[in-house]
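Visitor: Would you mind keeping the following structure in view while I ask a few things?
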Amino acid sequence: MLYFIINPHSRSGQGGAVWKEVERTMISSGLPYKVSYTSYPGHAIRLAAEIPSGTQPEPNLIAVLGGDGSLNEVLNGAHLSPYTIIGYLPTGSGNDFARGMHLPIDAKKALTHIIHPSYTDTLDFGSTTYGNQENARRFLVSSGIGYDAAVCHRINTSKLKKVFNCFHLGKLAYVILGIEQIIRCRRADGTLTIDDEREIPLSDVCFISCHNLPYEGGGFCFAPDADPHDGEMDLCVVTACSRLRFTWILLNTLLGAKHTRCHGVSLIRCHKAAVKLNRPLAVHTDGEVTGFFKEASFESHPHSVRITW
Ligand SMILES: Nc1ncnc2c1ncn2[C@@H]1O[C@H](COP(=O)(O)OP(=O)(O)OP(=O)(O)O)[C@@H](O)[C@H]1O
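See below:
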């Protein structure tokens with residue numbers, strides 16, 4: 010069975026209008042499908058959890074229409090199995106999943122791939138544990154602590170993205186709030202433990218971002234070689250740099266240039282990473298902020314989620 014989970018509020022309310030257009034194609038296809046609409050943040054987790062795993066002759070396909078946040082919620086609610094397949098119709102403003110996977114950004118084109126799947130792929134996903142060890146959340150794109158999460162926090166609490174999205178300039182909101190956080194974001198000292206073995210002391214941490222896919226924040230390429238098929242995560246660690254150098258690093262990631270050569274940037278490939286800091290910093294998973302914490306752990310779950318396009 011084909012289930013649609015629609016976030017009508019994605020891209021500042023345009024998601025509902027996009028679905029109306031997409032649904033015409035669905036109706037004319039004659040295929041059976043069910044639709045649910047999200048009515049509050051976190052609702053897609055519950056809606057996805059209500060969909061049972063399919064069976065071998067009849068897998069269930071959950072098609073998400075929304076942004077990376079809605080896709081993340083479905084990943085967190087879905088009963089992951091070889092018979093649960095996730096499809097994606099991007100209507101967000103960041104669209105880092107679609108960008109990283111080279112998927113069509115156009116929801117109508119994406120629907121063609123859902124109706125006539127040409128390919129299914131099994132991807133890695135990551136999980137982030139924060140605060141007390143009971144809190145965990147899955148991610149498909151990236152998760153981080155520090156500057157990147159602080160920007161997500163501002164994006165989600167400020168009206169700027171909504172206003173800019175009306176003029177199709179959502180990306181500019183990320184840039185403006187990103188600059189604001191270069192000036193205001195707090196930093197911390199601590200340690201980073203890689204794969205339970207190697208402990209790295211950290212001072213003046215700007216952020217630590219853990220990637221399954223290369224881009225986050227609407228196109229910042231923090232981990233150019235991140236591959237969701239390799240069973241590992243790519244960590245981008247940025248420490249001890251002036252605001253000017255930090256701006257230069259961010260510009261490099263946005264323009265696709267080599268930020269990895271900049272002083273203060275390290276890229277580490279691993280299965281697990283644990284961060285301990287001396288003050289709480291914001292933590293995000295796929296752009297959804299979970300809170301401010303001193304400790305966060307990230308882990309890769311190889312080949313665990315089926316996607317179609
Ligand atoms: N009906 C709703 N009303 C308000 N918020 C909602 C509703 N449905 C979902 N949400 C929340 O909206 C947030 C953002 O949604 P989503 O990521 O789909 O779109 P976006 O913000 O436009 O895209 P992007 O994350 O790519 O910038 C999610 O955190 C989700 O929980």
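Taking the working numbering, the leading residue of the sequence shown gets 10, the next gets one more, and so forth. Note that CB positions come from ideal geometry on N, CA and C, so glycine has one too. Owing to the predicted nature of the structure, the values given are computational and were not obtained by experimental measurement.
Is E225 a contact residue of ligand 1, with contact defined as CB to any heavy atom under 8 Å?
Guide: Answer for E225: no, Cβ out of range of ligand 1.
Visitor: Taking all protein chains shown into account, do 16 or more other C-beta atoms lie within 10 angstroms of the C-beta of F176, making it buried, or fewer, making it exposed?
Guide: If you draw a 10 Å sphere on the C-beta of F176, you find fewer than 16 other C-beta atoms in it, and that means exposed.
Visitor: So is the beta-carbon of P113 under 8 Å away from any non-hydrogen atom of ligand 1?
Guide: no
Visitor: Given that a residue counts as buried once 16 or more other Cβ atoms are within 10 Å of its Cβ, and exposed if not, what is I36?
Guide: exposed
Visitor: Excluding five sequence neighbours on each side, which residues of the same chain lie with their C-beta closer than 6 Å to the C-beta of F229?
Guide: T262, L263
Visitor: Would you report the Cα separation of L191 and F301, rounded to the nearest angstrom?
Guide: For the record, residue 191 in the displayed sequence is Ile; it is not Leu. So the two alpha carbons sit approximately 18 Å from each other.
Visitor: So I15 and L70 are supposed to be a Cβ contact under 8 Å. How far apart are they, rounded?
Guide: In fact, because the Cβ distance is near 15 Å, the residues do not count as touching under 8 Å.
Visitor: Can the beta-carbon of C180 be found closer than 9 Å to that of G109?
Guide: One point to set straight first is that residue 180 is Lys, not Cys, in the sequence displayed. No, these two residues do not count as a Cβ contact at 9 Å.
Visitor: Determine the closest residue to P237 out of V246, A182, Y224, with distance taken between C-alpha atoms.
Guide: Y224
Visitor: Which two residues bound the contiguous beta strand (DSSP E) that contains M242?
Guide: 242-248
Visitor: Determine the direct distance from the alpha carbon of Q65 to that of L290, and round the result to whole angstroms.
Guide: 44 Å
Visitor: Does at least one heavy atom of ligand 1 sit under 8 Å from the Cβ of S21?
Guide: yes
Visitor: Do the stretch 26-40 and the stretch 51-60 make contact, defined as three or more Cβ pairs closer than 8 Å?
Guide: Segments in contact, no.
Visitor: Leaving aside the five residues before and after L89 along the sequence, list all residues of the same chain whose C-beta is less than 7 Å from its C-beta, in chain order.
Guide: Hits under 7 Å: S313, V314.
Visitor: For ligand 1, is there a heavy atom less than 8 Å away from the beta-carbon of A53?
Guide: yes
Visitor: Quick check on DSSP: helix, strand or coil for V214?
Guide: strand
Visitor: Is it true that the CB of I123 sits closer than 9 Å to the CB of G96?
Guide: yes
Visitor: Which residues in the same chain have their Cβ closer than 7 Å to the Cβ of G63, if we skip the five residues on either side of it in sequence?
Guide: N69, Y92, T93
Visitor: Quick check: the Cα distance between G25 and L186, rounded to an integer number of angstroms?
Guide: 26 Å
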